[in-house]
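What follows is a set of notes on a single structure, which appears directly below.
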Amino acid sequence: SPKRPPSPPHRGPPRPRKKGKSCRRHALYVDFSDVGWNDWIVAPPGYQAFYCHGDCPFPLADHLNSTNHAIVQTLVNSVNASIPRACCVPTELSAISMLYLDEYDKVVLKNYQEMVVEGCGCR
Amino acid sequence: GGGHASLIPGPGKKRTAAAAEEETPPPGRGPGGGRRTPSPPPGPAQDLLRGFEASLLHMFGLRRRPQPSKAAVVPAYMRDLYRLQSGDDDDDDPRHPRPDEAGGRPPARPDYPDRPASRANTVRSFHHEEHLDSLPGTGENVAFRFVFNLSTIPEDEVISSAELRLYRERVDQSPEWEQGFHRINVYEVVRPPPPPSAGPCPLITRLLDTRLVHHNVSRWESFDVSPAVARWTRGRRPNHGLAVEATHLPRAGPARARHVRVSRSLPHGDGDWAQLRPLLVTFGHDGRGHALTRRAGRPKR
């Protein structure tokens, strides 16, 4: 209210930083030998696929790479918990190349799209 | 382990590892001599794993899990393409030595085929079917026919480019420079060669590419055979193979017949032949995703 004196800046105990809990990219190494596929996949032996995990709390910070809809959904969630928060999902992905022997013993080099998470965000 | 999650959760992973240990070679060998996945006892976990693997293979565009035979050879050119494409320009893998060039130096890395790869997301390599038919030459020249079985290329893959790679070995016994020139002609065989009983009959071919070379160096030569491969795959025309002719210029010396490696040679055996034999490489796109754009170096993760 404009008639009230301005409230002093927040002087309470510092908020505990939720470092590592907000939406971000985590390491996820997929090793083809773990599933016995290293006999037909020549290269690479495995790759960093990464995954996205973490909270998308209200208010959504800029670095959470959110959409307008995610901001609205998070806002609604803050007053009505039956509406879920925005989800922490990959927002940018990249490709990898794989060299392998196919079902007919032919050697194939192929580019596979959207195999590696490059960025995460709240959507 | 080591802070990394693996592809299959713990129980399934353990079960898979145990099954792999129980694998006995004789009954597990496929017709091609390759390894076969042991048939695990039925159960919900195995059904889950099977479905999991099936969905992954489908994602990779494979109908079933490949079971490579021991005879399968990965050409050094495909390894080089992979390294160049992925930006991994490390030294050679010691487990897979490359054939030496004359003089003991390793062969130079091939140039990345920027133009063919710019329109392709899939590169396939083929060795010929060893139906080395010696074609009627002129007596001075040597001609061979190579038949490549391209029927394994999926129908939805459009071949935009193809190259035939031939290895030629340096020949030192040439006293004069002028005597070391060869012309290599690559043809598409339009009609199959007639049987010997039919008598002398001209072979109907179409010239695809040609090159004048000198036999003072060992190297791979790449010939553009895209029109023929496009006719065989997209045009559904019969594939009668490619004919390679090495024409020796007049007054060539006795070493002329050994320059282009188009067949096995004794007594060297099969060791280097597996890596030096002719190779057909196709560049295609299956309509999904982007082309194989070369990455200029990548930081190590």
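Protein chains in written order, with the numbering used here: chain A, 1 to 123; chain B, 1001 to 1301. Every residue, glycine too, gets a C-beta built ideally from N, C-alpha and C.
Neighbours of Glu118 of chain A in chain B, taken as residues whose beta carbon is under 9 angstroms from its own, are absent, since the nearest beta carbon is some 12 angstroms off.
Listed in chain order, the non-local C-beta contacts of Asp31 of chain A below 8 angstroms within the same chain comprise Pro45, Gly46, local neighbours out to five positions each way being set aside. The Cβ-Cβ distance between Arg1168 of chain B and Leu1212 of chain B does not fall below 8 angstroms.
Relative to the Cα of Ala1274 of chain B, the nearest Cα in the group B:Ala1230, B:Glu1188, B:Ala1072, B:His1285 belongs to B:Ala1072. Distance from Trp37 of chain A to Pro1068 of chain B at the Cβ level is roughly 11 angstroms; contact not present, criterion being Cβ atoms closer than 8 angstroms.
In the three-state reduction of the DSSP assignment, Pro1044 of chain B falls in the helix class. The alpha-carbon of Phe1144 of chain B is positioned some 13 angstroms away from that of Glu1129 of chain B. Counting the other CB atoms within 10 Å of its CB gives Trp1232 of chain B a total of 16 or more, which places it among the buried residues.
Gln1179 of chain B: not part of any alpha helix (DSSP H); DSSP gives it neither H nor E. Annotation: Cβ neighbours of Glu103 of chain A in chain B (cutoff 7 angstroms, chain order): Leu1062, Arg1063, Arg1064, Pro1066. A straight line joining the alpha-carbon of Asp34 of chain A with that of Glu1053 of chain B spans about 12 angstroms. Within the stretch 29-88 of chain A, the runs of alpha helix (DSSP H) that reach at least 4 residues and sit entirely inside it are, in chain order, 68-79.
For Asn1185 of chain B, the closest Cβ of chain A is not nearer than 8 angstroms. Annotation: the continuous beta strand (DSSP E) that includes Arg1206 of chain B extends over 1205-1214. In the structure shown, Gln1067 of chain B falls within a coil segment according to DSSP collapsed to helix, strand and coil. Distance from the CA of Gly54 of chain A to the CA of Ser78 of chain A, rounded to the nearest whole angstrom, comes to 17 angstroms. The continuous stretches of alpha helix (DSSP H) do not include Arg1236 of chain B, and DSSP gives it neither H nor E. Neighbourhood of Pro1075 of chain B in chain A, by CB distance below 8 angstroms: Val107, in chain order. Listed along chain A, the residues sitting closer than 9 angstroms to His1290 of chain B by beta-carbon distance are Ala95, Asn111, Gln113. Between the stretch 70-84 of chain A and the stretch 1043-1060 of chain B there are fewer than three C-beta pairs closer than 8 angstroms, too few to call the two in contact. Taking 8 angstroms as the upper bound for CB-CB distance, Leu1242 of chain B and Val1281 of chain B are not in contact here, some 13 angstroms apart.
Bridge partners of Trp1273 of chain B according to DSSP: none are assigned. Chain B places a beta carbon closer than 8 angstroms to that of Leu99 of chain A, counting this residue as a contact. Glu1155 of chain B is classed as exposed because its beta carbon has fewer than 16 other beta carbons within 10 Å across all chains shown. In the structure shown, His1290 of chain B falls within a coil segment according to DSSP collapsed to helix, strand and coil. Boundaries of the alpha helix (DSSP H) around Leu1081 of chain B: 1076-1086. In the three-state scheme derived from DSSP, where H, G and I count as helix and E and B as strand, Gly1061 of chain B is classed as coil.
Annotation for Ser1118 of chain B: the continuous alpha helix (DSSP H) segment containing it runs 1114-1118. Proximity of Ala43 of chain A to chain B, defined by a Cβ-Cβ separation below 8 angstroms, is satisfied.
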